[in-house]
Amino acid sequence: MDIRYGANQIDVKTYDTERLREEFLIEKLFEADDVLSTYSHIDRIITMGAMPVSQVINLEKNIDCQKNLGVDYFLERRELGIINIGGPGVVVVDGVEYKLERLNGLYVGKECRDVLLKSEDSENPAKFYMSSTPAHTKFETKLITLDIANKVEMGSIETSNKRVIYQFIHPAVLETCQLSMGCTILDTGCVWNSMPCHTHERRMEVYMYFNLPEDNVVFHFMGEPQQTRNIVIQNEQAVISPSWSIHCGCGTSNYAFIWSMAGENRTFTDMDHVKVSDIR
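Residue numbering for the sequence shown follows this note's numbering, starting at 113 and increasing by one per position.
Here it is, written out as structure tokens:
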């Protein structure tokens with residue numbers, strides 16, 4: 113498990129490209145028959161990727177729950193969100209199977225002991241992207257398909273940001289302790305996400321970019337609104353965004369991204385908007 117500590121906005125002003133990437137970028141999420149995980153001390157969110165090919169993977173692979181979390185099993189005091197961005201897969205939670213097609217999600221509640229991950233086709237393996245946050249109450253495990261997710265259309269072709277937001281783990285769909293999670297898909301010819309940008313002092317966020325064609329990148333913008341920086345992100349990489357930072361991006365092609373949020377509340381519209389003319 114990769115451990116990241118919280119960086120403050122004063123120090124970040126002095127970071128060069130390499131230091132920014134070390135602090136905020138998660139470069140690799142998927143490896144065959146493995147679970148890759150990054151623990152951020154910013155609201156203690158854990159970002160994970162699993163790609164079962166020839167094996168059934170236990171969620172806790174490579175995670176020392178006693179050492180890393182101080183518990184006996186991963187979800188003893190946590191909740192979990194999963195979105196599959198690969199081929200058809202299955203998640204088995206305490207013996208109950210949930211089939212996840214591409215862009216299907218699953219919320220797994222606190223106190224579930226065993227989480228197993230597998231693909232239905234080794235030639236087209238599932239890619240389970242996962243976010244986990246601390247939880248104080250157990251809520252029901254639930255499968256969320258695209259038709260169940262709360263759908264919001266935003267932006268326009270004229271501003272190059274026409275997009276559809278699918279809110280999977282969201283108050284309009286189900287109850288959780290603090291985790292929110294969903295997927296935003298940009299239309300062909302649209303490259304800007306989350307613009308005009310915002311911060312939300314009461315929550316942090318992780319963006320994971322995917323569906324990015326080969327040899328294309330996203331320029332992810334972060335930092336205080338008047339002290340912006342950028343991180344160049346390739347397909348299936350993620351970036352950690354502290355509460356004080358803007359989080360938006362512009363790609364060399366259209367793309368999709370999964371957003372995960374943790375913090376004081378679950379109010380999706382709780383944002384501190386920034387005028388485009390005020391960005392520096």
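Yeah, the Cβ is synthetic: ideal placement off N, Cα and C, and Gly gets one too.
In chain order, each alpha helix (DSSP H) run of at least 4 residues that lies wholly inside the segment 200 to 261: none
Spatially closest choice to Ala-368 from Pro-337, Glu-336, Asp-327 and Asn-305, by CA coordinates: Asn-305
Meets three-Cβ-pair contact criterion under 8 Å: the segment 234 to 252 and the segment 192 to 206: yes
For Tyr-321 and His-359, believed in contact at Cβ under 8 Å, the rounded distance: Actually they are not in contact, since the Cβ atoms of His-359 and Tyr-321 sit about 12 Å apart, beyond 8 Å.
Selection from Lys-179, Ser-357 and Leu-218 that minimises the alpha carbon distance to Ile-197: The shortest CA-to-CA distance from Ile-197 to any of Lys-179, Ser-357 and Leu-218 is the one to Leu-218.
Residue environment, Lys-222, which counts as buried when at least 16 other CB atoms sit within 10 Å: buried
Local conformation of Arg-131 per DSSP, three classes: helix
Alpha-carbon spacing of Thr-159 relative to Leu-298, whole angstroms: 23 Å
C-alpha distance - Val-276 paired with Glu-336, whole-angstrom precision: When the Cα atoms are used, Val-276 and Glu-336 turn out to be separated by approximately 26 Å.
Extent of the continuous alpha helix (DSSP H) run through Val-124: Start and end: 121 to 124.
Endpoints, the beta strand (DSSP E) within which Asp-114 is located: 114 to 116
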